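Going down the list, the protein sequences come from chains V and H. Each residue of the first sequence is one higher than the one before, counting from 1 in UniProt numbering. Each residue of the second sequence is one higher than the one before, counting from 1 in UniProt numbering. Just so you know, even glycine gets a beta-carbon here, dropped at the ideal spot from N, CA and C. This one's a predicted model, so the numbers in the text were calculated from it and none came from an experiment.
Protein chains: 2
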Amino acid sequence: MKLASLKSEHPDGTLVIVSHDQARCVDVTDIAPTMQFALDNWASCSEALKAKYKSLNDGLEPNSSTFTSQSTYAPLPRSWQWLDGSLFLNHGHLMQQAFHLDPIADADKYPLVYQGAGDSFLGAKDDIVVADLKHGIDFEGEFGVIVDAIPMGSSAEYALSKIRLVVLLNDISYRALGPREMKTGFGFVQAKGPTAFAPIALTPDELGEHWQNGRVCLPLQVKRNGQIFGEPLGQEMHFGFHELIAHVAQTRPIKAGTVFGSGTVSNADPAKGQACISELRAKEMIQHGAPQTPFMQQDEVVSFNVIDPNGNSLFGVIEQRVTLSLASENI
Amino acid sequence: MKLASLKSEHPDGTLVIVSHDQARCVDVTDIAPTMQFALDNWASCSEALKAKYKSLNDGLEPNSSTFTSQSTYAPLPRSWQWLDGSLFLNHGHLMQQAFHLDPIADADKYPLVYQGAGDSFLGAKDDIVVADLKHGIDFEGEFGVIVDAIPMGSSAEYALSKIRLVVLLNDISYRALGPREMKTGFGFVQAKGPTAFAPIALTPDELGEHWQNGRVCLPLQVKRNGQIFGEPLGQEMHFGFHELIAHVAQTRPIKAGTVFGSGTVSNADPAKGQACISELRAKEMIQHGAPQTPFMQQDEVVSFNVIDPNGNSLFGVIEQRVTLSLASENI
Chain V
1 MKLASLKSEH PDGTLVIVSH DQARCVDVTD IAPTMQFALD NWASCSEALK AKYKSLNDGL
61 EPNSSTFTSQ STYAPLPRSW QWLDGSLFLN HGHLMQQAFH LDPIADADKY PLVYQGAGDS
121 FLGAKDDIVV ADLKHGIDFE GEFGVIVDAI PMGSSAEYAL SKIRLVVLLN DISYRALGPR
181 EMKTGFGFVQ AKGPTAFAPI ALTPDELGEH WQNGRVCLPL QVKRNGQIFG EPLGQEMHFG
241 FHELIAHVAQ TRPIKAGTVF GSGTVSNADP AKGQACISEL RAKEMIQHGA PQTPFMQQDE
301 VVSFNVIDPN GNSLFGVIEQ RVTLSLASEN I
Chain H
1 MKLASLKSEH PDGTLVIVSH DQARCVDVTD IAPTMQFALD NWASCSEALK AKYKSLNDGL
61 EPNSSTFTSQ STYAPLPRSW QWLDGSLFLN HGHLMQQAFH LDPIADADKY PLVYQGAGDS
121 FLGAKDDIVV ADLKHGIDFE GEFGVIVDAI PMGSSAEYAL SKIRLVVLLN DISYRALGPR
181 EMKTGFGFVQ AKGPTAFAPI ALTPDELGEH WQNGRVCLPL QVKRNGQIFG EPLGQEMHFG
241 FHELIAHVAQ TRPIKAGTVF GSGTVSNADP AKGQACISEL RAKEMIQHGA PQTPFMQQDE
301 VVSFNVIDPN GNSLFGVIEQ RVTLSLASEN I
């Protein structure tokens, strides 16, 4: 099943089911007015939503309309809790080598995770509006999952059964501000921008054999200004999403609609490229002693896409342009 | 003006105005169904809420009822964004001295802040339900503020004008889990429990002369099992709330209903005691080479109260008991 939230007057948007070929969508607000409502009431909503998906694919929804990713919010436009991991250890290894950092103890045993701002996610085509181009504007192509309620103390296996949706996201990062915040030990606040999501959320079954052990086993295609920047594979994720969730749930109950991110997708094979600029800069530092690739500047465009072996874009495309915030008056 | 959210079938509760003497309250859901709604529509709601407060205090609200803090959620029961500072530098200095840590660079220049879980705040009398008593169960008595929308790039002065409510809170912390997470640089996730709030939120004018330069200039009384644990003064906060907000707003717009915390209230004068156990343990380590005071155990009770010079409790009392989570089946 494919779901999206169309932009509307309300910050939570209008929930729609999107056809398998992504050409059509149908309003399902009679079943669930918002994605958060659907997640809060998954047991009672999901069968009706699935039936709608089937009839839409069968051409039996006369009230369906053309689906366009320009008009979408994030599938879940805002979340009460957004927790982003760093589950591809290759990324951390490169950072440590490039910046001569001490390795993070037990990074292969405890998933790294920070809590981010979920109050206003960006849609797939929304601009990246930054305060200052000197902040080191970077993207991070990531997979994510959105879960049902999960009690404190749940096992990874139980958590796996409560993953309702899989998503594709861009964790916008301000690299010039990260090191100071990391050194404090308090985590990223200034160093993270709003997170953007591909138009469509998928139920795990929609991924078929490409959803394995809490991982999306497909390449994440990243382009910068239309040129391939990387196509790293999701299967190299050291922890599955279920292990990240169980880690967090050790001391807190998880509410329905909580979003978990994988961290930037990163592969050991250099031929796979990378899903963020800082990783390429790290490789350059290791090879040449200094970074060569600049961070994003005004009007640069980054895009993310996940294409299955049949050539289908599974989540729709994220395509975002960098632009400088216009200063408001009297603030 | 004093506001509270009564427990109800809905996670956002029922918004009420509380009388100045905290004896009575009146349902104001005809003006604003929830606190989040009131904050989202402050310009259009606040005058009507103030009028209700006046008529309630004048004994002119026949539909008012007895106010009891047992029946309250947090004033804002959940928030899209919860950012907790560490604005009392004395606390950090003691921690560094006790644990022989390197001082955090520029801690007097940039406010320390982490992003916490705002998806389900606790009411003033809710139990502290923990996964494991060996996690080093601690409390942190803090002041907090809840703001209106604040654009990215706003000044501290502008932010000060957008502080709508002042609150009293307990930032529950698991000290045994903190050091590992701080070392990663990603901040606290496992190491923080749900945050609990005193029953009543005050508009800043309600504090009169005790609200100065973005600080609550009153002692925060902390009791452990009924015995005074500390009465540190709010005025020693190194940064005002407005400075914390402007720091965060440098790279992100702030939505109405965002909650900011002061960090544990801490004074240089040892006679003032402390608002968290770890600070007393740090003092013991510095004096005796080892901590002596244990963290919270099953059925211990912590309470917080702010009493003005006339003897009035301003926010109502937080009083929470520690209890161990009962393991659920099949998770």
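Quick one: Cα of residue i to Cα of residue j, how far?
| i | j | result |
| --- | --- | --- |
| residue 246 of chain V | residue 114 of chain V | 15 Å |
| residue 61 of chain H | residue 162 of chain H | 29 Å |
| residue 308 of chain V | residue 209 of chain V | 11 Å |
| residue 273 of chain V | residue 306 of chain V | 15 Å |
| residue 276 of chain H | residue 281 of chain V | 43 Å |
| residue 213 of chain V | residue 331 of chain H | 18 Å |
| residue 25 of chain H | residue 82 of chain H | 27 Å |
| residue 222 of chain V | residue 19 of chain V | 25 Å |
| residue 178 of chain V | residue 112 of chain V | 15 Å |
| residue 43 of chain H | residue 295 of chain H | 44 Å |
| residue 140 of chain V | residue 170 of chain V | 5 Å |
| residue 125 of chain V | residue 156 of chain V | 34 Å |
| residue 180 of chain V | residue 260 of chain H | 21 Å |
| residue 288 of chain H | residue 328 of chain V | 55 Å |
| residue 130 of chain V | residue 137 of chain V | 8 Å |
| residue 239 of chain V | residue 279 of chain V | 20 Å |
| residue 235 of chain V | residue 168 of chain H | 46 Å |
| residue 265 of chain H | residue 91 of chain H | 8 Å |
| residue 393 of chain H | residue 68 of chain H | With chain H running from 1 to 331 in the structure shown, residue 393 of chain H is simply not present. |
Starting from the C-beta of residue i, find all residues in its chain whose C-beta is less than 7 Å away, skip the five residues before and the five after it, and write them out in chain order.
| i | result |
| --- | --- |
| residue 133 of chain V | 297, 298 and 324 |
| residue 204 of chain H | 163, 166 and 211 |
| residue 206 of chain H | 1 and 2 |
| residue 98 of chain V | 282, 285 and 286 |
Just curious, the alpha helix (DSSP H) that residue i is in, first and last residue?
| i | result |
| --- | --- |
| residue 37 of chain V | 35-40 |
| residue 265 of chain H | Run containing residue 265 of chain H: none; DSSP gives neither H nor E here. |
| residue 283 of chain H | 277-288 |
| residue 183 of chain V | 178-184 |
| residue 90 of chain V | 89-99 |
| residue 271 of chain V | Segment: none, residue 271 of chain V is in no alpha helix (DSSP H) and carries neither H nor E. |
| residue 156 of chain H | 156-161 |
| residue 248 of chain H | 241-249 |
Using beta carbons (cut-off 8 Å, strictly below), is residue i in contact with chain V?
| i | result |
| --- | --- |
| residue 327 of chain H | yes |
| residue 58 of chain H | no |
| residue 265 of chain H | no |
| residue 220 of chain H | no |
| residue 119 of chain H | yes |
| residue 182 of chain H | yes |
| residue 211 of chain H | no |
At least one CB of chain H closer than 8 Å to the CB of residue i: is that the case?
| i | result |
| --- | --- |
| residue 136 of chain V | no |
| residue 187 of chain V | yes |
| residue 116 of chain V | yes |
| residue 240 of chain V | no |
| residue 275 of chain V | no |
| residue 152 of chain V | yes |
| residue 42 of chain V | no |
| residue 97 of chain V | no |
| residue 113 of chain V | yes |
How is the beta strand (DSSP E) around residue i delimited, first residue to last?
| i | result |
| --- | --- |
| residue 193 of chain V | 192-197 |
| residue 229 of chain H | 227-230 |
| residue 85 of chain H | 82-86 |
| residue 14 of chain V | 14-18 |
| residue 2 of chain V | 2-6 |
| residue 24 of chain V | 24-27 |
| residue 304 of chain H | 301-305 |
| residue 112 of chain H | 112-116 |
| residue 224 of chain V | 221-224 |
List the whole-angstrom C-beta distance separating residue i from residue j, where the pair is believed to meet the contact cut-off of C-beta under 8 Å.
| i | j | result |
| --- | --- | --- |
| residue 74 of chain V | residue 123 of chain V | 6 Å |
| residue 59 of chain V | residue 199 of chain V | About 21 Å; that fails the 8 Å criterion. |
| residue 249 of chain H | residue 311 of chain H | Rounded, the Cβ-Cβ distance is 38 Å, inconsistent with contact. |
| residue 89 of chain H | residue 108 of chain H | 6 Å |
| residue 193 of chain V | residue 251 of chain H | 7 Å |
| residue 224 of chain H | residue 300 of chain H | 7 Å |
| residue 185 of chain H | residue 255 of chain V | Between residue 255 of chain V and residue 185 of chain H the Cβ distance is about 26 Å, and since that is not below 8 Å, they are no contact. |
Report all residues from its chain with a CB closer than 8 Å to the CB of residue i; omit the five preceding and five following residues, and keep chain order.
| i | result |
| --- | --- |
| residue 5 of chain H | 12, 13, 14, 15, 16, 34, 35, 72, 73, 74, 75, 76 and 77 |
| residue 118 of chain V | 78, 79, 80, 81, 82, 195 and 259 |
| residue 293 of chain V | 277, 280, 281 and 284 |
Return the chain-ordered list of same chain residues with a C-beta closer than 6 Å to the C-beta of residue i, the five sequence neighbours on each side being excluded.
| i | result |
| --- | --- |
| residue 38 of chain H | 32 and 45 |
| residue 242 of chain H | 156, 159, 160 and 214 |
Report yes if the C-beta of residue i is less than 7 Å from at least one heavy atom of the ligand HEM; otherwise report no.
| i | result |
| --- | --- |
| residue 34 of chain H | In terms of ligand content, the structure shown is empty, and the ligand HEM therefore cannot be addressed. |
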